[in-house]
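Visitor: Quick one: structure below, then a few questions.
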Amino acid sequence: MARIAILTCANTIQETNCASVGCLRDMRERNGYFQSYPSEEPLELVGMISCAGCPTVVAPEKILKTGCGCGRV
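Taking full-length UniProt numbering, the leading residue of the sequence shown gets 1, the next gets one more, and so forth.
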């Protein structure tokens, strides 16, 4: 079972008024990036968080170093 955590950017959310509904739909329907998971493999949403926003772009490698257990950003 693939454990999925969706990380959103507060700066982007504020600019686009995004509620992450598209991410949840894509996960459920296996669209976009979620197509890479085999259709027979269950997907489990283990978390959905938003960063507080930052004045600079933070590299995905820094996020992965926090030990979230995710393999993809």
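From the three backbone atoms N, C-alpha and C, an ideal C-beta is built for every residue, glycine too.
Compute the Euclidean distance between the alpha carbons of A19 and I13, then round it to the nearest angstrom.
Guide: If you take the alpha carbons of A19 and I13, they lie about 7 Å apart.
Visitor: What's the C-alpha gap between A10 and G22?
Guide: In a straight line, the C-alpha of A10 is about 16 Å away from that of G22.
Visitor: Going by the beta-carbon positions, is the gap between R30 and Y37 smaller than 8 Å?
Guide: In contact: R30 and Y37 (Cβ atoms closer than 8 Å).
Visitor: Measure from the alpha carbon of I4 to the alpha carbon of each residue in E15, N17, T16 and Y33, then state which is nearest.
Guide: Minimum Cα distance to I4 is reached at Y33.
Visitor: Using a Cβ-Cβ cut-off of 8 Å, state whether C18 counts as contacting chain C.
Guide: Included in the structure is just one protein chain, with no chain C present.
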